[in-house]
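*Asks:* The structure that follows is given in the form of structure tokens.
Number of protein chains: 4
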Amino acid sequence: MKEIEVIRIKEDVQLNDPVFIVGLPGVGHVGKLVAEHLVEELDAEKILEIYSHHFPPQVLVDENSETHLVKNEMYVCRTEKHDILALIGDHQSSSTEGHYKLCALYLDIAQEYGVERIYTLGGFPTGQLTFSDEVLGAVNNTVLTEELKEYGVIFKENEPGGGIVGASGLLLGLSKLRNIDAACLMGLTSGYLVDPKSAQALLKVISKIFDIDIDVGPLEERAKEMEKIVARLKEVEQQQQGSMHDTNTAKDDDLRYIG
Amino acid sequence: MKEIEVIRIKEDVQLNDPVFIVGLPGVGHVGKLVAEHLVEELDAEKILEIYSHHFPPQVLVDENSETHLVKNEMYVCRTEKHDILALIGDHQSSSTEGHYKLCALYLDIAQEYGVERIYTLGGFPTGQLTFSDEVLGAVNNTVLTEELKEYGVIFKENEPGGGIVGASGLLLGLSKLRNIDAACLMGLTSGYLVDPKSAQALLKVISKIFDIDIDVGPLEERAKEMEKIVARLKEVEQQQQGSMHDTNTAKDDDLRYIG
Amino acid sequence: MKEIEVIRIKEDVQLNDPVFIVGLPGVGHVGKLVAEHLVEELDAEKILEIYSHHFPPQVLVDENSETHLVKNEMYVCRTEKHDILALIGDHQSSSTEGHYKLCALYLDIAQEYGVERIYTLGGFPTGQLTFSDEVLGAVNNTVLTEELKEYGVIFKENEPGGGIVGASGLLLGLSKLRNIDAACLMGLTSGYLVDPKSAQALLKVISKIFDIDIDVGPLEERAKEMEKIVARLKEVEQQQQGSMHDTNTAKDDDLRYIG
Amino acid sequence: MKEIEVIRIKEDVQLNDPVFIVGLPGVGHVGKLVAEHLVEELDAEKILEIYSHHFPPQVLVDENSETHLVKNEMYVCRTEKHDILALIGDHQSSSTEGHYKLCALYLDIAQEYGVERIYTLGGFPTGQLTFSDEVLGAVNNTVLTEELKEYGVIFKENEPGGGIVGASGLLLGLSKLRNIDAACLMGLTSGYLVDPKSAQALLKVISKIFDIDIDVGPLEERAKEMEKIVARLKEVEQQQQGSMHDTNTAKDDDLRYIG
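Right, dumping it as structure tokens:
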């Protein structure tokens, strides 16, 4: 195996006005949930798999006790307006160098298919358990801002304050150097839990961008389960506020253990 | 020395219907104990040594105060049904990249000897000090499941839930890409202690697979020593449960310190 | 993208008796504040950008929600006595190897422009919240010491005791091997906070070295804001000294969390 | 600069029956103290310097505020019986890979000078503040054991139990592969403090091996200073044993903070 190994499943794929969508694991797994949901609901076709020394040395085990080497995958989803080239995966790179090399490869492939627009999907951690359906945007070219506002994306000065770390951010930076317009769309989420509700909010924005109708049923179910957990967490939080009213740090830390 | 250095001890080795068995250090050292026991009891012959930049920069010191550079080794054990190519070693890779490179090399060598089946041996951490003689399996091809069930291996949906990390898992993932059938066999073990008792349980399964008779005497002795330690640990645990009945986390942590 | 990518913005730049000034993020961000202030106040011209696998995989987000890939930049500032080649940046290397490779590149570029003198700017952590306007120096050639003392730089035996870590130090070490004289100028600073006041003190030394007049207005404003924070911190510290008079370690740690 | 850069200070050096002695920083800095003392007392001549990406990106600052890039150095000390090729340095490699590459280089150079015997010097951590003048040995070839016992070196089965980590151990492992006899000589030391007293004990063994007379004056002075510190530590320890008689772990940890 080479440092990065691309296994083509489907050759000679032609894409119509393609847009590249990236949903890898990250804050609240919001981006991953949305991209995987798109792939499922739009009957996407897998075109390639990516294996790499930069992913953890690990296999995942499925319901048949069958193992699967950690990988990233690209799918094609056909929609009226655009064909979507979707990147999903089990993990992001575990090394700094790998992040750069993998993102450069993703862009090489995207360009090979003629991609001229990229959306990376992620979560923006608020530290609050209160739900918000806001979707925050950041762009590598301000020419995108007005268009995205029309789809309901909000923009805030210097936010996220700590920048955007990992593939979601790096792809914007690297695609700028290649003159490809790209935006990062982030569902607001606590940062402590996998967040299918935030994923639903982000999915609504995506549906508007691509002018498609997506069944959010499966995400809705998972969201309801999570709501119960959140409700219980809030209870715990309030009890703690009663007994530990002057120890904010301890309270925050407790929540973090659940994440 | 190159990044990975293979030193051949024995050239022109021919193997009869060989199976590759891997027992490197890991959870409870179950896999390592079993593979080393096989090598000893079956009068195995060492055929090569592997040194690498990816192992810790360390020597081990033996009973004669003689030092030995950290290494992995391959042995050949002859049995009626199959010749066994066994990989044992002092350490696994200390880097992600090294895990991939070393496992790729192990497979190169296994293929060179005509291996068409691989068993990687390990431990599955239960977090409980209660003994279980169960052996859990995961496969890179479900065609193996029925056969292994006959030997007493059990399979559980999505278990291990966190996947299988390190050479035991990675070899299944990488051999899948080479169309070699492989299974990971895991003895259930607390995860806190070296576990010769779990190794005995796993050895029984191996004996059935290869239709061989293995003296478990040496493992039995070490198992008895460990049982005494476990008994004492349980006592401590019960005392703690008495005095610290509502602090489960603390209790778990204490046990972890002994591991 | 290569491991390190240099993007030239301006070709055929000729420099008059150039001096290389380096102000990257570090202790109290003193060096970064000073170098960025120079670049701004002297209407510097950007001549190149440096991107690298060795920087964190991250973009920063500006006031227009536009992302910028983490980078280092070189500017040219024209002064009567010397042209200044200034290196500023968002981050230093995240890897040991990257530190060496990037510093070697910085020196290659500096030599290309004919640089024969280097000043690296930084902060020297005192662990005290008391302000000091001292600027400590270290040199890679003692021939520089007398000259720098005239500009108000002080020198202390074996200080900093722990050596100088990162680009500020490494550039002195590496330029010595190339026979380029270099000094590291460090503003004294607590080590807990971004310190524009220490930056002002260091800027005064720089102004004398280059015989230039620099408006410190913008730094002054930021310094005043920080003074308020420091005043509040000292209050907290005194309260803690009252209630926790024998737990010095805890007190130090608390301060560290604010940094 | 290359990954590893060797700068030859002295060409065409001929060595008479040379022995390679290695004293790099490590447990109690025992090896480093002894090797540096030898270099000083035997009026050694520096023959080369080694710089590397694998050392920390750092300069040290001397009494004249002059900076020195972190490096390793080789010296030649002439004695009646043997010429000594001595390796000393500021740091060991900060990466696993670097440890292997640097040690391979050290051996290349040693072989170039015709070295057929290696002594690596280090400390063996006892965890006790009680002084012992024992010197523990480990060898890469048991043929050395009897000879070393005559010089007062003691050998204990399987000690050090955790193996020997870093250059001191790795050089024994790697030189074995080149058929060069090597021993690691370890002064017993607490492991918490720089230990010039243990260095004196080790130096006595070295003096016997090379049949030389070394003035231990400078080490004696440093040893006396350390004895005072140790005495104070023991006092603290006894007080703690009074007040915290059943918390051994806490006591050990406290000591560790002083190291």
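Residue numbers (our numbering), protein chains in the order written: chain A, 1 to 259; chain B, 260 to 518; chain C, 519 to 777; chain D, 778 to 1036. Quick reminder that beta carbons are idealized off the backbone N, C-alpha and C, glycines included.
(1) Can you name the start and end residues of the beta strand (DSSP E) that LEU307/B belongs to?
(2) Helix, strand or coil: which one does DSSP assign to ILE636/C?
(3) Would you call the segment 893-906 of chain D in contact with the segment 825-833 of chain D, where contact means no fewer than 3 C-beta pairs closer than 8 angstroms?
(4) Ends of the beta strand (DSSP E) at PHE797/D?
(5) Less than 9 angstroms separating the beta-carbons of LYS156/A and GLY89/A?
(6) For PRO834/D, return the contacting residues in chain C, with the cut-off set at a CB-CB distance below 8 angstroms.
(7) Quick one: which chain C residues come within Cβ less than 9 angstroms of ASN140/A?
(8) With a cut-off of 9 angstroms, does the C-beta of GLU3/A fall near any C-beta of chain B?
(9) What are the uninterrupted segments assigned as beta strand (DSSP E) that are 3 or more residues long and contained completely in the segment 597-631 of chain C, given in chain order?
(10) Any beta-carbon of chain D closer than 9 angstroms to the one on ILE266/B?
(11) Just the chain A side, please: which residues come within less than 8 angstroms of GLU782/C by C-beta, in chain order?
(12) Please decide whether HIS572/C counts as near chain A, where near means a Cβ-Cβ distance under 9 angstroms.
(13) Is GLU630/C buried or exposed, if buried means 16 or more other CB atoms sit within 10 Å of its CB?
(14) Does the beta-carbon distance from TYR334/B to ALA426/B come in below 9 angstroms?
(15) Contact defined as beta carbons within less than 8 angstroms: I believe ILE260/A pairs with GLN576/C. What is the distance between those atoms, to the nearest angstrom?
(16) Counting only the same chain and skipping the five closest in sequence on each side, list residues whose C-beta sits under 7 angstroms from that of PRO160/A.
(17) Determine, for GLY709/C, whether the minimum Cβ-Cβ distance to residues of chain D falls below 9 angstroms.
(18) With a cut-off of 9 angstroms, does the C-beta of VAL799/D fall near any C-beta of chain B?
(19) Residue ranges of each alpha helix (DSSP H) run of no fewer than 4 residues wholly in the segment 970-1007 of chain D, ordered along the chain?
(20) Tell whether a beta-carbon distance below 9 angstroms holds between ILE343/B and ALA369/B.
(21) For a contact defined as C-beta to C-beta under 7 angstroms, what are the partners of LEU174/A on chain C?
(22) In terms of residue numbering, what span does the beta strand (DSSP E) encompassing HIS586/C cover?
(23) Please state the DSSP three-state secondary structure of GLN757/C.
(24) Tell me LEU706/C's beta-bridge partners as DSSP assigns them.
(25) Any C-beta of chain E sitting closer than 9 angstroms to the C-beta of TYR928/D?
(26) Do you know how far the Cα of ASP530/C is from the Cα of GLU108/A?
(27) Is ASP837/D helix, strand or coil when you go by DSSP?
(28) Measuring only between beta-carbons, confirm whether TYR511/C sits less than 9 angstroms from chain A.
(29) Could you tell me the alpha carbon to alpha carbon distance between LEU431/B and ASP470/B, rounded to whole angstroms?
(30) Mind checking which residues open and close the alpha helix (DSSP H) that includes LEU172/A?
(31) If the criterion is Cβ atoms closer than 9 angstroms, does the pair ALA201/A and LEU193/A meet it?
(32) Please decide whether THR903/D counts as near chain B, where near means a Cβ-Cβ distance under 9 angstroms.
(33) So who's on the other strand from ILE682/C, going by DSSP bridges?
(34) Using the C-alpha atoms, what's the distance from HIS876/D back to GLU780/D?
*Replies:* If we stick to the structure as given:
(1) 304-311
(2) strand
(3) no
(4) 796-800
(5) no
(6) SER611, THR614, HIS617, TYR618, CYS621, VAL683, GLY684, ALA685, GLY687 and LEU688
(7) VAL577, GLU584, THR585, HIS586 and LEU587
(8) yes
(9) 601-607
(10) yes
(11) With chain C running from 519 to 777 in the structure shown, residue 782/C is simply not present.
(12) yes
(13) exposed
(14) no
(15) The requested residue 260/A does not occur in the structure, where chain A is confined to residues 1 to 259.
(16) PHE124
(17) no
(18) no
(19) 973-987
(20) no
(21) MET519 and LEU587
(22) 585-587
(23) helix
(24) PHE642/C
(25) Note that chain E does not occur in the displayed structure, where the protein chains are A, B, C and D.
(26) Per the sequence shown, the amino acid found at residue 108/A is Asp instead of Glu. The alpha-carbon atoms of ASP108/A and ASP530/C are separated by roughly 32 angstroms.
(27) In the sequence as presented, Asp is not what sits at residue 837/D; that position holds Leu. Three-state DSSP puts LEU837/D in a strand.
(28) Here chain C has residues from 519 to 777 only, and residue 511/C is not among them.
(29) 23 angstroms
(30) 167-177
(31) no
(32) no
(33) VAL836/D
(34) 12 angstroms
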